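To start, the structure under review is shown below, and the notes come after it.
Number of protein chains: 2
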Amino acid sequence: MTHVTIISTGEELVTGRAVDTNASFLASRLTAHGYEVRRLTCVGDDPESLERELVRSADDSELIVVTGGLGPTADDRTRVAIARATGAELVLDEDSLEHVRRVIESYGHKITESHARRFDGLTALSKAEGQALFPAGAEIYPNHCGTARGFACLIGKAKAVMMPGVPNEMISMFNDSVLPSLLKDSTETILVRRANLFGVPESQVDDRIEDLMANGRNPSVGLKAEGGAVGICLYARASDMEEAERLIAEDLRVIRDRFGDDVFGYDDTTLAAAVSGLLEQHGVRVAIAESCTGGLIGSMLTEVPGISRFFLLDVVAYSNEAKIRELRVPAEEIESFGAASPQVAESMARGVCEMSGAELGISATGIAGPNGGTPEKPVGMVCVGLSLDGRTTSHVLQFRGDRQRIRDRAAKSALNLARLALLKRS
Amino acid sequence: MTHVTIISTGEELVTGRAVDTNASFLASRLTAHGYEVRRLTCVGDDPESLERELVRSADDSELIVVTGGLGPTADDRTRVAIARATGAELVLDEDSLEHVRRVIESYGHKITESHARRFDGLTALSKAEGQALFPAGAEIYPNHCGTARGFACLIGKAKAVMMPGVPNEMISMFNDSVLPSLLKDSTETILVRRANLFGVPESQVDDRIEDLMANGRNPSVGLKAEGGAVGICLYARASDMEEAERLIAEDLRVIRDRFGDDVFGYDDTTLAAAVSGLLEQHGVRVAIAESCTGGLIGSMLTEVPGISRFFLLDVVAYSNEAKIRELRVPAEEIESFGAASPQVAESMARGVCEMSGAELGISATGIAGPNGGTPEKPVGMVCVGLSLDGRTTSHVLQFRGDRQRIRDRAAKSALNLARLALLKRS
Chain U
1 MTHVTIISTG
11 EELVTGRAVD
21 TNASFLASRL
31 TAHGYEVRRL
41 TCVGDDPESL
51 ERELVRSADD
61 SELIVVTGGL
71 GPTADDRTRV
81 AIARATGAEL
91 VLDEDSLEHV
101 RRVIESYGHK
111 ITESHARRFD
121 GLTALSKAEG
131 QALFPAGAEI
141 YPNHCGTARG
151 FACLIGKAKA
161 VMMPGVPNEM
171 ISMFNDSVLP
181 SLLKDSTETI
191 LVRRANLFGV
201 PESQVDDRIE
211 DLMANGRNPS
221 VGLKAEGGAV
231 GICLYARASD
241 MEEAERLIAE
251 DLRVIRDRFG
261 DDVFGYDDTT
271 LAAAVSGLLE
281 QHGVRVAIAE
291 SCTGGLIGSM
301 LTEVPGISRF
311 FLLDVVAYSN
321 EAKIRELRVP
331 AEEIESFGAA
341 SPQVAESMAR
351 GVCEMSGAEL
361 GISATGIAGP
371 NGGTPEKPVG
381 MVCVGLSLDG
391 RTTSHVLQFR
401 GDRQRIRDRA
411 AKSALNLARL
421 ALLKRS
Chain P
427 MTHVTIISTG
437 EELVTGRAVD
447 TNASFLASRL
457 TAHGYEVRRL
467 TCVGDDPESL
477 ERELVRSADD
487 SELIVVTGGL
497 GPTADDRTRV
507 AIARATGAEL
517 VLDEDSLEHV
527 RRVIESYGHK
537 ITESHARRFD
547 GLTALSKAEG
557 QALFPAGAEI
567 YPNHCGTARG
577 FACLIGKAKA
587 VMMPGVPNEM
597 ISMFNDSVLP
607 SLLKDSTETI
617 LVRRANLFGV
627 PESQVDDRIE
637 DLMANGRNPS
647 VGLKAEGGAV
657 GICLYARASD
667 MEEAERLIAE
677 DLRVIRDRFG
687 DDVFGYDDTT
697 LAAAVSGLLE
707 QHGVRVAIAE
717 SCTGGLIGSM
727 LTEVPGISRF
737 FLLDVVAYSN
747 EAKIRELRVP
757 AEEIESFGAA
767 SPQVAESMAR
777 GVCEMSGAEL
787 GISATGIAGP
797 NGGTPEKPVG
807 MVCVGLSLDG
817 RTTSHVLQFR
827 GDRQRIRDRA
837 AKSALNLARL
847 ALLKRS
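Protein sequences, first through last, are from chains U and P.
Per the working numbering, residue 1 is the first one in the first sequence, and the count goes up by one each step.
Per the working numbering, residue 427 is the first one in the second sequence, and the count goes up by one each step.
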């Protein structure tokens, strides 16, 4: 297996002003493709630190992946460090310079030659020229999202790949150019799939698939809990794709048998996309009435492209007055049970269906905190209402954490309850 | 200055299944207290990798902070690595063993002596005993949130601090015990503040405060661009807090002079919180009408605790029918100009004010993509409408990127335009 070191550069990382998500992305993708990532390292912007890491990593890794420090500003010094570590000369690439010009002009800006910067051992260059310098003989990777191209060269026997630090530029460069170039020589096929669950805590998922998670098993299985959902990640290694697919399909069947409808989708499917798929399948149109979630349910659902065909209306009725006037919640109901009650949740779901003509109404009302909790209705108590084909039900849920977390989990739980209701619809 | 290396351990980090947020937390806190963090490194669970990092870091750092690998499971091997790196014997601490017992029993579990694990050079021990082993002479840190205590010892001349990897255990141990113990000897005060801007690209901010960003200046100044906003971060070092505050206040004045109302707030203030503050100051109530942003404006604004006093209603009218029926947008207007037009944006903002009685109406309608663009109205074109005290205006904006980015930037721009309008209100 190829041993990999991933190096991220930037003062914002070593001072803790930013979290390094680039390294995890790369580690996850490279691991999925059979590389063994041994070390992730963040260093600041001084070229000496990066040079030391490069030289050290060339000793114990066959592949070094570096992000950051290729841009136009004074603290972008990866080129200098690479030149020092390799002893290679930095050469101006005319085609890349032309690319930098084109991108800057497409933003409606002009290249200002006045912004000169000095490269160690080189004459002063403009910002644009700085981004078109590469070690002699380097493999250059296109950048479809920004100015600075990436490149690869050798440090001793190790292959070193340099990419910009801006996540979307880095991710598309890695997917489109770097990974295909790395995989040219590989003989093993790796297939990665993920089953996504909602409503089952990670520790329970862990317990129920202990057998699948045994060390050395193929596919190897890992868990990824994020925002209330749990992903079961499967990595199959095989000599060809057909065999890899067979191995994965077998495990997915086992997972589906054990977790049933708690599996809401596969790979990058979100809860909202699962709901959207069911709306399409059933020809059902949805309307939403939100209180404590303040528009989150709507904004999650409208993340799905094309949802406009099924999404009629979302009314965020934060005040009691708006609940009464817009959603026709009876004032006595709010008085008797409080705005955060299953009764009001049901009236909200019913009301928004009547307003819009939707077959499915989803509502949420509760106490997002940090204030407003009582012993009977503590912070984190949220009532979800569902109205489907004229039948209305409600669920009282309790969430923990801060305001943001409570709102997020409440919105996702509402979507999940809507999904389960649509699955049961005949 | 004390040079610091932060080491995080765990297979989940080097395989990219988890993002290392512990290191950023520690880097940020240590930087704020005058330490110079030079390197963050993640390694897997094998004790050899960690041992190598410890030995190397003891060479070029005076302080090494390690998180993870102190727990009860088989992949927790930080103790072993430390014992090897220091040559110190691991000794059972009876008080810590008692603590582990108490915590486990408070969870309603029993200590199972059957779960034995083997430490290198030691006899098999129970999980509980494993967590009560420390290098002879170590300083032990209490853990108020879990079983595994932390500790500090010397590796050569460097002080090495070991903490659990579970974020809440680590954070409370760092704040309550580790930092106070480190600061006992420090003489310097550090103050960190941030000015937040919206509507000015990072490169422009960079150009306009080049003088403040000069190397070696005090306060030192860095930029942090995130989600369309740009933060100017100031780090002042001084012998006392009064002097640090004076230095920061001077720079904040300069920034305010240069960027005026584009500065929307300081430190952790969000755009939504800035808007909320102005609503309170002016006694203005807000209502929102959204199309392409699908509830995002409302969900951002309702992230602010206590906003319910000023937030009346948000109507997500995704369909033309809902725009006409709920928001009373004239059907002819949609026919003539299209749903994504300044005319419709104005009618939406006006309509939602009439519906709710709010003094301020904010609306957004546009093309979020990926489909639906035309040469006249490309993907990313968003019209924002504002109605304040009966006067309605609109703005046509163009955003780049994917659907999520376009929606996010459109929602924030709408909030920013509302903020600027409130600032101008007499």
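Using N, Cα and C, we set each Cβ at its ideal position, and we do this for glycine too.
Every value quoted in this text rests on a predicted model; they were computed, and no experiment measured them.
What would DSSP say about residue i, mapped onto helix, strand or coil?
i         : result
Asn-448/P : helix
Val-604/P : helix
Pro-164/U : coil
Pro-142/U : coil
Lys-323/U : helix
Ser-598/P : helix
Asp-666/P : coil
Glu-462/P : strand
Asp-268/U : coil
Glu-226/U : strand
Val-80/U  : helix
Val-14/U  : helix
Val-200/U : coil
Val-689/P : strand
Leu-212/U : coil
Glu-477/P : helix
Arg-419/U : helix
Val-100/U : helix
Ser-341/U : coil
Arg-407/P : Past the edges of chain P, shown from 427 to 852, lies residue 407/P, and the structure says nothing about it.
Ala-368/U : coil
Which one or two residues does DSSP pair with residue i in a beta bridge?
i         : result
His-395/U : Val-384/U
Lys-585/P : Leu-489/P, Leu-580/P
Ile-788/P : Ile-714/P, Leu-812/P
Thr-2/U   : Paired residue(s): none; Thr-2/U is not in a bridge.
Val-618/P : Tyr-661/P
Cys-779/P : Paired residues: none, contrary to the question.
Ile-433/P : Thr-467/P, Val-492/P
Asp-632/P : Paired residue(s): none; Asp-632/P is not in a bridge.
Phe-560/P : Val-517/P
Ser-646/P : Tyr-661/P
Leu-313/U : Ala-287/U
Counting contacts by CB-CB distance shorter than 9 Å, is residue i in contact with chain P?
i         : result
Ala-273/U : no
His-115/U : Residue confidence is low: His-115/U scores 38 on pLDDT, short of 50, so the model does not pin down where it sits. Its coordinate-derived value is still stated next. Yes, His-115/U lies at the interface with chain P (some Cβ there is under 9 Å from its Cβ).
Ala-124/U : Because Ala-124/U carries a pLDDT of 43, less than 50, the predicted location of this residue cannot be relied on, and the following value inherits that uncertainty. No, no contact with chain P.
Cys-383/U : no
Arg-407/U : yes
Asn-416/U : no
Asn-168/U : yes
Lys-412/U : no
Go ahead and label residue i buried or exposed: buried means 16 or more other beta carbons lie within 10 angstroms of its beta carbon, across all protein chains shown.
i         : result
Pro-47/U  : buried
Lys-412/U : buried
Ala-421/U : buried
His-144/U : exposed
Met-488/U : In this structure chain U extends from 1 to 426, so residue 488/U is not present and cannot be described.
Val-631/P : buried
Ser-475/P : buried
Ser-336/U : exposed
Val-808/P : buried
Tyr-188/U : Note on identity: in this sequence residue 188/U is Glu, with Tyr being the wrong assignment. The residue is exposed, with fewer than 16 neighbouring Cβ atoms inside 10 Å.
Of all Cβ atoms in chain U, is any one closer than 9 Å to the Cβ of residue i?
i         : result
Cys-779/P : no
Gln-830/P : yes
Arg-544/P : Reliability of the predicted coordinates at Arg-544/P is poor, the pLDDT of 38 falling under 50, and the value obtained from them is presented with this limitation in mind. Output row for Arg-544/P: interface = no.
Selection of the stretch 308-332 of chain U by Cβ proximity to chain P, strictly under 7 Å: Ser-308, Phe-311, Leu-312, Leu-313, Asp-314, Val-315, Val-316, Ala-317, Tyr-318, Ser-319, Ala-322, Glu-326
Within 9 Å of chain U by C-beta, residues of the stretch 555-582 of chain P in sequence order: none
Against chain U: residues of the stretch 765-789 of chain P by CB proximity under 9 Å: Met-781, Ser-782, Gly-783
Members of the stretch 791-805 of chain P that neighbour chain U once the beta carbon cut-off is set at 9 Å: Ala-794, Gly-795, Pro-796, Asn-797, Gly-798
Positions along the stretch 444-472 of chain P whose CB lies within less than 8 Å of some CB in chain U: Ala-444, Val-445, Asp-446, Thr-447, Ala-449, Ser-450, Phe-451, Leu-452, Ala-453, Ser-454, Arg-455, Leu-456, Thr-457, Val-463, Arg-464, Arg-465, Leu-466, Thr-467, Cys-468, Val-469, Gly-470
Interface positions of the stretch 637-657 of chain P facing chain U (Cβ-Cβ less than 7 Å), listed along the chain: Gly-648, Lys-650
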